[in-house]
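Asker: Take this structure first; my questions come after.
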Ligand SMILES: CC(C)(COP(=O)(O)OP(=O)(O)OC[C@H]1O[C@@H](n2cnc3c(N)ncnc32)[C@H](O)[C@@H]1OP(=O)(O)O)[C@@H](O)C(=O)NCCC(=O)NCCS
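Residue numbers (this note's numbering): 190 to 391.
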């Protein structure tokens, strides 16, 4: 596990640091970034992030060391999100990618209750494929000649990770208590009785 590592939500002030990071060799070829990308384009992308876009940055030794994003689908793909992660070359193999994955998958599993998280990784990108496998992603197929870059058309391995629905309080204890006519469990919401309601200001 990395020392001096903080994972926190992305802030708009991180834009320039991330723009630089995305353009560095070792990152540029493995993501969908264009070498020509301007700071104002990146800034616009980040400004357009909405409530269904969840981004975290890793700060290590006082600098932005990496970033991960989870983008939740809409309509009939509401239960699905796509995921991306990237770590600066100088901060690799120190647990930063692992920490970002744990944080973003915690949001997916325990805060959003998503059923499916999916991604694409270029077939030659062994480090990323291993990272994803470590976090329970499994291969689903190859999109051939999917991404242009570095003078050739590259294949993309599609991977996904499925999870069952989140458990609900009402699935078990509270539901049983209600069915049996027991008093409400400690910590459950009670409806105020009439006397209490009468005392409250309108
Ligand atoms: C993939 C990437 C995010 C890994 O980040 P990292 O901080 O170096 O990863 P960690 O140190 O947390 O390692 C976590 C796991 O990833 C895998 N891994 C990371 N680097 C690896 C490498 N060079 N070779 C093989 N496996 C590797 C291992 O499974 C490792 O677990 P382990 O340490 O228990 O063996 C990083 O290499 C990167 O940013 N690459 C370029 C961008 C990219 O490819 N993003 C994904 C686009 S789909």
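In this text, a Cβ means the ideal position worked out from N, Cα and C, and glycines have one as well.
This structure is a prediction, so every number in the text was calculated from the model and none was measured.
1. Does DSSP classify residue 207 as helix, strand or coil?
2. On a Cα-Cα basis, can you pick out the residue from 217, 310, 257, 304 that is closest to residue 203?
3. Could you pull out every residue in the same chain whose Cβ sits closer than 6 angstroms to the Cβ of residue 261, ignoring the five residues on either side in sequence?
4. If you check the beta carbons only, do residue 219 and residue 317 fall under 8 angstroms apart?
5. Going by C-alpha distance, which of 207, 274, 282, 284 is nearest residue 252?
6. Excluding the 5 residues flanking residue 191 on each side, which residues of the same chain have their C-beta closer than 7 angstroms to its C-beta?
7. Would you decide whether residue 278 is buried or exposed? Buried here means 16 or more other CB atoms lie within 10 Å of its CB.
8. Looking at residue 338 and ligand 1, is the gap between the Cβ and the nearest heavy atom below 7 angstroms?
9. Can you determine whether any heavy atom of ligand 1 sits closer than 7 angstroms to the C-beta of residue 286, and answer yes or no?
10. In the DSSP assignment, find the unbroken alpha helix (DSSP H) run with residue 285 in it and report its ends.
11. Report, in whole angstroms, the separation of the C-beta atoms of residue 308 and residue 326, which I expect to be a contact under 8 angstroms.
12. For residue 380, does the count of other Cβ atoms within 10 angstroms reach 16, so buried, or fall short, so exposed?
13. Would you say the beta carbon of residue 349 is closer than 7 angstroms to some non-hydrogen atom of ligand 1?
14. As a quick exercise: from 350, 363, 369, pick the residue whose alpha carbon is nearest that of residue 268.
15. For the region 298–370, which segments carrying the beta strand (DSSP E) assignment without a break, of at least 3 residues, lie completely within its bounds, in sequence order?
16. Would you say the beta carbon of residue 219 is closer than 7 angstroms to some non-hydrogen atom of ligand 1?
17. With DSSP collapsed to three states, give me the class of residue 217.
18. Can you check which of these residues, 319, 200, 195, 224, is closest to residue 209 by C-alpha distance?
19. Are residue 346 and residue 324 closer than 8 angstroms when you measure CB to CB?
20. Give me the Cα-Cα distance between residue 342 and residue 217, rounded to the nearest whole angstrom.
Answerer: In short:
1. Along the chain shown, one-based indexing puts residue 207 at 18. Residue 207 sits in a helix when the DSSP states are folded into three classes.
2. Here residue 203 corresponds to residue number 14 of the chain shown, with the count starting at 1. For residue 203, the closest C-alpha among the options 217, 310, 257, 304 is that of 257.
3. One-based indexing of the chain shown puts residue 261 at position 72. 241, 270, listed in sequence order.
4. Here residue 219 is taken as the residue at index 30 of the chain shown, counted from 1. Here residue 317 is taken as the residue at index 128 of the chain shown, counted from 1. Yes. Within cutoff.
5. Locating residue 252 in the chain shown gives position 63, counting from the first residue. Comparing Cα positions, the closest option is 207.
6. Numbered from 1 along the chain shown, position 2 holds the residue referred to as residue 191. Any reading at residue 191 needs caution, since the residue's pLDDT is 48, under 50, leaving its predicted position unreliable; the model's value is listed next. Only 249, 283, 284, 285, 288 meet the Cβ criterion.
7. Position 89 of the chain shown holds residue 278. It is exposed - the Cβ of residue 278 has fewer than 16 other Cβ atoms within 10 Å.
8. Against the chain shown, residue 338 aligns to sequence position 149. Distances between the C-beta of residue 338 and the heavy atoms of ligand 1 are all 7 angstroms or more.
9. The residue you call residue 286 lines up with position 97 of the chain shown. A distance criterion of 7 angstroms places the beta-carbon of residue 286 in contact range of ligand 1, judged by its closest non-hydrogen atom.
10. Within the chain shown, numbered from 1, the residue matching residue 285 stands at position 96. Start and end: 285–295.
11. For the purposes of this step, residue 308 is taken as residue 119 along the chain shown, with counting starting at 1. For the purposes of this step, residue 326 is taken as residue 137 along the chain shown, with counting starting at 1. Contact holds; Cβ gap of about 7 angstroms.
12. One-based indexing of the chain shown puts residue 380 at position 191. Residue confidence for residue 380 is low, a pLDDT of 49 falling below 50, so the modelled location carries little weight and cannot support an answer.
13. The residue given as residue 349 occupies position 160 in the chain shown. No.
14. Indexing the chain shown from 1 puts residue 268 at position 79. Of 350, 363, 369, the residue nearest in Cα terms is 350.
15. 305–311, 327–338, 341–351, all fully within the region 298–370.
16. Taking the first residue of the chain shown as position 1, residue 219 is located at position 30. Yes; taking the cut-off as 7 angstroms, the Cβ of residue 219 has a heavy atom of ligand 1 nearer than that.
17. Indexing the chain shown from 1 puts residue 217 at position 28. DSSP places residue 217 in the helix class (H, G or I) of the three-state scheme.
18. Here residue 209 refers to the residue found at position 20 when the chain shown is read from its first residue. Relative to the Cα of residue 209, the nearest Cα in the group 319, 200, 195, 224 belongs to 224.
19. As a working mapping, residue 346 is identified with position 157 in the chain shown. As a working mapping, residue 324 is identified with position 135 in the chain shown. By the CB criterion at 8 angstroms, residue 346 and residue 324 fall outside the cutoff.
20. Here the question's residue 342 lines up with position 153 in the chain shown. Here the question's residue 217 lines up with position 28 in the chain shown. Between residue 342 and residue 217, the C-alpha separation is close to 15 angstroms.
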